[in-house]
Amino acid sequence: MKKELICISCPQGCRLTAEYAADPAQAEVSGNRCPRGKTYAITELTDPRRVVTAVVPTTDSARPVLPVRTSEPFPKGKIAELLNELYKIKVTPPISLGEVIQKNALDTGIDIISAENRN
Amino acid sequence: MKNISCDVLVVGAGAAGLCAGSVTSKHGLDTIIIDREDQPGGILKQCIHNGFGLRYFKEELTGPEYACRVAKLAADAGAKIMTGTTAVEAKKNADGSFTFKVFSQKEKVCYISSKAVLFTTGCRERTRGNIITPGTRPAGVFTAGAAQKLLNISGYLPGKCAVIVGSGDIGLIMARRLKWCGIDVKAVVEIMRHPSGLTRNIVQCLDDFGIPLYLGHSVTNIYGKERVEAVDITPLADGKPDFSKTFKVDCDTLLFSVGLVPEVELAKQLEVKINPATGGAFVDDDYETTTPMVFASGNGLHVHDLVDFVSEESERAAGSICRRLSGAKNSDKVPVTVEKTLKYVVPTQATRGEKQSFYFRPLIVANKATLEARADGKIIKKRLIPFVRPAEMLEFELEIPAECKEMEFALTGGELL
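These protein sequence lines are chains X and G, in that order. Taking this note's numbering, I'd label the letters of the first sequence as residues 1 to 119. Taking this note's numbering, I'd label the letters of the second sequence as residues 1001 to 1417.
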């Protein structure tokens, strides 16, 4: 099998080629300019993930929403469900950068963290 | 009315202003950074997506995270950040210093005087008016950045069903953002035959969601009286719309992501000359404009792909300000130009015998092209570039020879647009 991919790990957008017999986890990856490219290609073929960013409502009317993110790339198939959960949250400042807003989201072991400081 | 004086006045507390201000403050210069917004961070605050900082901070951050980091750098270095402060007038004094009239929530009307000025004013978005889209004028027409601010800062949904004009990065990022907020995105319409945003954004913002990208198409009509109801999309044949193939798409929201223009209105008051190719000031390799002791960097100078480049460039501009305020003279410089395969080069004047970075915006699409540096017509350095796209800025490090009278850069081996 031969798959063409575009790496999204950084804005360079390397054009990757992944070749494998049966198991994509064993793919030979070329076209990457750094090790992240190989990791991306194999993850994309076996368990695609994306960093999810969103805003959640706050109780502060002057700054009504807070930007949040997943602590690491999140399984692509569960993103819609995650967003539905996130939009139900309401947070109250003070909140610090990196503070966990929701632990172990959807039992993935991945946390939702604040991307900003709020007093 | 209050009068404040400082060594360096930085106009704009985005990534450029904060990074520059941290350098000048650390160097011991009394630095004030002003910004009209209530919070520092500039446009990064509303760019809640990830992908920032891989180069500058060596880790992947979201826009607000990057903003927090650079605001902390500036504050820790001792820069005074005045938010809620809008500069309305700039003038040059007889003794070579500058005075800005500003409106501040805290200080009301006040005057800030400085020995040097750095403009880090960022960009404005081009609008529907700039590309002259026909049709009615209903509610629901936004620039992509305005819609982004509504969603990510104010927490309002701009509509329920959208079409996006232009495939620039902000438009692509907004396509995914709208989808993730439950808003349908019917199409992204791009007049050029190739996307104008980064390839990674086509992959993760459009392909991931199956959003169609119409290349070589244009929006030729907007319908709706009170609110947008539909738009016409028309393919282009030989650069002209082929109306026989027009199709109508229902939507209630139309976003324009059709380019950015450096904000230079205040700089013009200081007689700074503007480069028509970038829309920003002409600068030399010290990032000094044509008005002595007035500097510019970041997106207010030319549009960058990455905030990391903005930070690096602004640190260099700040370094020059430190040297010049310590008494260094501006040296004799070589003019730097580009051939028609490149839209522009920054800087346009450079010092001989010093290693420095040049930035270019290509005007060609190529899978292999050679970037050539020519000193007085002779190639002195070249580099093979695997993928050249107008969306992707090029950077080239080079030392200009001691005897050189003029430098020229060109891209060879690609398809001219």
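Built from N, CA and C at the ideal position, the CB exists for glycine as well. Predicted model, so just to flag it, every value in this text is computed and none were measured.
- Linking V1303 (chain G) to A22 (chain X) through their CA atoms gives a straight-line distance of about 45 Å.
- When DSSP assignments are scanned along the segment 1281-1312 of chain G, the uninterrupted stretches of beta strand (DSSP E) that are 3 or more residues long and fall wholly within it turn out to be 1294-1296.
- A straight-line Cα-Cα distance of about 28 Å links K2 (chain X) and G1051 (chain G).
- Cβ-Cβ distances below 7 Å link E1107 (chain G) to K1002 in the same chain, with the five nearest sequence neighbours on each side left out; the list follows chain order.
- Relative to the Cα of G1168 (chain G), the nearest Cα in the group G:G1259, G:V1345, G:L1342 belongs to G:G1259.
- Distance between V1228 (chain G) and R1352 (chain G), taken at the CA atoms: about 56 Å.
- For the segment 1049-1074 of chain G, the set of positions with a beta-carbon nearer than 7 Å to some beta-carbon of chain X reads H1049, N1050, G1051, L1054, T1062, P1064, E1065, C1068 in chain order.
- Here the C-alpha atom of G1182 (chain G) lies approximately 14 Å from the C-alpha atom of V56 (chain X).
- Among the residues facing chain G, P67 (chain X) is included, as its CB has a counterpart in that chain under 8 Å away.
- Only those residues of the segment 33-65 of chain X whose C-beta falls short of 7 Å from the nearest C-beta of chain G are listed: R50, V51, T53, A54, V55, P57, P64, V65.
- When DSSP assignments are scanned along the segment 1313-1387 of chain G, the uninterrupted stretches of beta strand (DSSP E) that are 3 or more residues long and fall wholly within it turn out to be 1334-1338, 1342-1346, 1355-1362, 1369-1375, 1378-1385.
- Not a single CB atom of chain X sits nearer than 8 Å to the CB of Q1105 (chain G).
- At the C-beta level, D1007 (chain G) and S1114 (chain G) come within 8 Å of one another.
- Across the structure, L5 (chain X) and T1199 (chain G) are spaced so that their CA atoms are roughly 11 Å apart.
- Contact residues of the segment 1183-1204 of chain G toward chain X are L1198, T1199, R1200, V1203, Q1204 (C-beta to C-beta distance below 7 Å).
- Three or more pairs of CB atoms, one per stretch, sit closer than 8 Å, so the segment 1383-1398 of chain G contacts the segment 1345-1361 of chain G.
- Taking a Cβ-Cβ threshold of 7 Å, the residues of chain G close to G13 (chain X) are L1198, T1199, R1200, in chain order.
- About 5 Å separates the beta carbons of L1255 (chain G) and F1142 (chain G), which is inside the 8 Å limit, making them a contact pair.
- For V29 (chain X), the enclosing beta strand (DSSP E) covers residues 28-30.
- The Cβ neighbour count for Q1046 (chain G), taken over all protein chains shown within 10 Å, is at least 16; the residue is labelled buried.
- L1342 (chain G) sits close to F1409 (chain G), with the two beta carbons spaced by under 8 Å.
- In this structure, the CA atom of V1185 (chain G) is about 49 Å from the CA atom of H1027 (chain G).
- Spanning the alpha carbons of I1222 (chain G) and Q1204 (chain G) requires a straight line of approximately 28 Å.
- Put simply, the backbone Cα of T1291 (chain G) is about 18 Å away from that of I1112 (chain G).
- Per DSSP, the continuous beta strand (DSSP E) segment holding A1230 (chain G) begins and ends at 1230-1237.
- Here the C-alpha atom of E1354 (chain G) lies approximately 13 Å from the C-alpha atom of P1347 (chain G).
- Just so you know, the alpha carbons of L16 (chain X) and P1262 (chain G) end up roughly 35 Å apart.
- Interface with chain G (8 Å Cβ-Cβ cutoff): A21 (chain X) is excluded.
- The alpha-carbon of D1038 (chain G) is positioned some 5 Å away from that of G1084 (chain G).
- Between V52 (chain X) and I79 (chain X), the beta carbon gap of about 6 Å places them in contact (Cβ cut-off 8 Å).
- Rounded to whole angstroms, the separation of the alpha carbons of P35 (chain X) and S1104 (chain G) is 49 Å.
- Taking the Cα of A1328 (chain G) as reference, the smallest distance to any Cα among G:V1109, G:C1161, G:T1136, G:G1319 is reached at G:G1319.
- In this structure, DSSP gives D1169 (chain G) a helical state, which the three-state scheme calls helix.
- In the DSSP assignment, D1250 (chain G) falls outside any alpha helix (DSSP H) and lies within the beta strand (DSSP E) extending over 1247-1250.
- If the five residues before and after N1130 (chain G) are omitted, its C-beta is found closer than 7 Å to the C-beta atoms of V1258, all from its own chain and listed in chain order.
- Taking the C-beta atoms as reference points, N1299 (chain G) is found no nearer than 8 Å to G1413 (chain G).
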